[in-house]
Amino acid sequence: MTSQSKLLALATRFLSLGSAQRRVFLNKLREQGLDASSLPVPPGVAGERSPASFSQQRLWFLEQLEPGNSTYHLPGALRLKGELNVGAVETAFERVAERHASLRTVFATAEDGTPEQVIQPDQPLPFERLHAADEAEMQALADAFARRPFDLAQGALWRVALIERAADDHVLLVCLHHIIADGWSIQVLLLDFVEAYRAAVQNDTDSLPPLPLSYADVALWQRACLDAGEGDRQLAYWQQQLGDEPPVLELPADRPRPARQSFRGARLPFSFDSALSGRMRELARQRGVTLFTVLLAAYQVLLQRLSGQTDLRIGVPIAGRQRAETEGLIGFFVNTQILRGDVQADASFNQII
6 MTSQSKLLAL
16 ATRFLSLGSA
26 QRRVFLNKLR
36 EQGLDASSLP
46 VPPGVAGERS
56 PASFSQQRLW
66 FLEQLEPGNS
76 TYHLPGALRL
86 KGELNVGAVE
96 TAFERVAERH
106 ASLRTVFATA
116 EDGTPEQVIQ
126 PDQPLPFERL
136 HAADEAEMQA
146 LADAFARRPF
156 DLAQGALWRV
166 ALIERAADDH
176 VLLVCLHHII
186 ADGWSIQVLL
196 LDFVEAYRAA
206 VQNDTDSLPP
216 LPLSYADVAL
226 WQRACLDAGE
236 GDRQLAYWQQ
246 QLGDEPPVLE
256 LPADRPRPAR
266 QSFRGARLPF
276 SFDSALSGRM
286 RELARQRGVT
296 LFTVLLAAYQ
306 VLLQRLSGQT
316 DLRIGVPIAG
326 RQRAETEGLI
336 GFFVNTQILR
346 GDVQADASFN
356 QII
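Below, the structure written as structure tokens:
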């Protein structure tokens, strides 16, 4: 038996144990210099019905509070110029849905009131063909497509539309509910679609390798590990890192902070010119850090100057795909990492970096 086979056998054994036994199991692993992350996620253990991940549970709860909210929709668009085989487009997305169980997942309520993800063996592809006379109509169709509610219990929790502007000009729209996907997942979806479309057009079999496991497998493993004491260990670590509840960041806003979150915010996109971008990259190179670190330091300085506060906690998204076998999956892996910084007003920028 290979080393990997032994680790997989240990992981499978771990999942078969009760909660108390799992704690003992992990403690013995740590005595050998290993932990839960040392073990592979056993494939195919979740079955067709299994607990939702903690991230999914959070979004499911928010959906119960405010059904039909489009805040957690993930829309995307791709302009396609040239000849297009519309039938092959639909066939390709059907193939992608067969490949990724997350695209056939709906959510049911367990007896204890918690959500469960249910993988359906087959689900009709929500594929629409639309026509737009001009760019304004196309934008209106795309906006309506992105905002249309999803039904978490019935599905499907994703949809596809193809807007025809001309025989050689189409816009491909996709929209997924965040509960089954994240930004990384959209890239996976489109890459798999391109390969499946090629295969459909050429009447060939696609070259996509089998997926090593499903998102439901990962969610089940996550819950088992946290329940076995890993959650207590991580909680203690973050309590030590972050300390007490942070004070509200008091920014000099022109309007009072609402008592309840309304989701009425907006984005203000902007770009750095090439000269400034080059200077920032050079600074990052000189300091031996990434460009992200330089930008984070600049953001911390801005917040410190606006608020006068020095103990800052900034949330940044992380992919949450520490395991290589999760990189090709569609699923809700993204998480928020809190970075705490002590930004003193008299500190130099290099010190903050």
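Using the working numbering, you'd call the opening residue of the sequence shown number 6 and step up by one each time.
The C-beta atom is built at its ideal place from N, Cα and C for all residues, glycine as well.
The structure presented is a predicted model; accordingly, all values stated were derived computationally and were not measured.
Label Val-321 either buried or exposed according to how many other C-beta atoms from any shown protein chain fall within 10 Å of its C-beta, with 16 as the threshold for buried. Exposed, because fewer than 16 other Cβ atoms sit within 10 Å of the Cβ of Val-321.
Exposure of Thr-110, with buried meaning 16 or more beta-carbon neighbours within 10 Å: buried
Taking only the alpha-carbon atoms, compute the straight-line gap between Met-143 and Asp-40 and give it to the nearest angstrom. 52 Å
Could you confirm whether any beta carbon from chain B is found closer than 9 Å to the beta carbon of Arg-228? You won't find chain B in this structure, because it holds only one protein chain.
For my contact list, Val-50 and Leu-225 are in at a C-beta cut-off of 8 Å; report their separation, rounded to the angstrom. 6 Å
What's the C-alpha gap between Thr-17 and Leu-273? 48 Å
Span of the alpha helix (DSSP H), counted from its first residue to its last, around Ser-55: Segment 54-56 is the beta strand (DSSP E) holding Ser-55; no alpha helix (DSSP H) there.
Touching by the beta-carbon criterion (3+ pairs, under 8 Å), the region 24-43 and the region 226-237: yes
Whole-angstrom distance between Val-348 and Leu-254, CA atom to CA atom: Answer to the nearest angstrom: the Cα atoms are 14 Å apart.
Taking buried to mean at least 16 other C-beta atoms within 10 Å of its own C-beta, is Thr-331 buried or exposed? Per the 10 Å Cβ criterion, buried.
Taking buried to mean at least 16 other C-beta atoms within 10 Å of its own C-beta, is Leu-247 buried or exposed? By the neighbour-count rule (16 or more Cβ atoms within 10 Å), Leu-247 is not buried but exposed.
Find out if the Cβ-Cβ distance for the pair His-182, His-105 is shorter than 9 Å. no
Reduced DSSP category for Val-348 - H, G, I as helix; E, B as strand; rest coil: coil
Close-in-space but distant-in-sequence residues of the same chain around Pro-217 (CB under 7 Å, 5 per side omitted): Shown here for Pro-217: same chain residues with a beta carbon closer than 7 Å to its own, the five before and five after excluded, namely Pro-48 and Glu-330 in chain order.
Measure the C-alpha to C-alpha separation of Ala-82 and Gln-314 and round it to an integer number of angstroms. 41 Å
Beta-carbon proximity list for Thr-114, same chain, < 7 Å, skipping 5 on both sides: Pro-120
Locate the alpha helix (DSSP H) running through Val-299, then write down its first and last residues. Segment 296-312, the alpha helix (DSSP H) holding Val-299.
With DSSP as the reference, label Leu-195 as helix, strand or coil. Residue state, collapsed to three classes: helix.
Counting C-beta neighbours from all protein chains within 10 Å, is the total for His-175 16 or more, i.e. buried, or is it exposed? buried
Kindly indicate which three-state DSSP category Met-6 falls into: helix, strand or coil? At Met-6, the pLDDT of 49 sits below 50, so the modelled position is not reliable; the number obtained from the coordinates is stated separately. The answer is coil: DSSP assigns Met-6 none of H, G, I, E or B.
Which residues in the same chain have their Cβ closer than 7 Å to the Cβ of Phe-198, if we skip the five residues on either side of it in sequence? The answer, listed in chain order, is Ala-97, Phe-98 and Val-101.
The alpha helix (DSSP H) enclosing Leu-247, as first and last residue numbers: 236-247
Would you call the region 161-173 and the region 129-139 in contact, with 3 or more CB pairs under 8 Å? Yes, the region 161-173 is in contact with the region 129-139.
Can you tell which of Thr-76, Val-306 and Thr-298 has the C-alpha that lies nearest to the C-alpha of Asp-351? Val-306
If distances are taken between C-alpha atoms only, which option among Thr-76, Glu-53 and Leu-20 comes closest to Leu-44? Leu-20
Pick out whichever of Leu-288, Gly-325 and Ala-93 has its Cα sitting closest to the Cα of Gln-356. Minimum Cα distance to Gln-356 is reached at Leu-288.
Got a sec, what are the start and stop residues for the beta strand (DSSP E) Arg-269 sits in? Segment: none, Arg-269 is in no beta strand (DSSP E) and carries neither H nor E.
With a Cβ-Cβ cutoff of 9 Å, do Asn-74 and Ala-205 count as a contact? Not in contact: Asn-74 and Ala-205 (Cβ atoms no closer than 9 Å).
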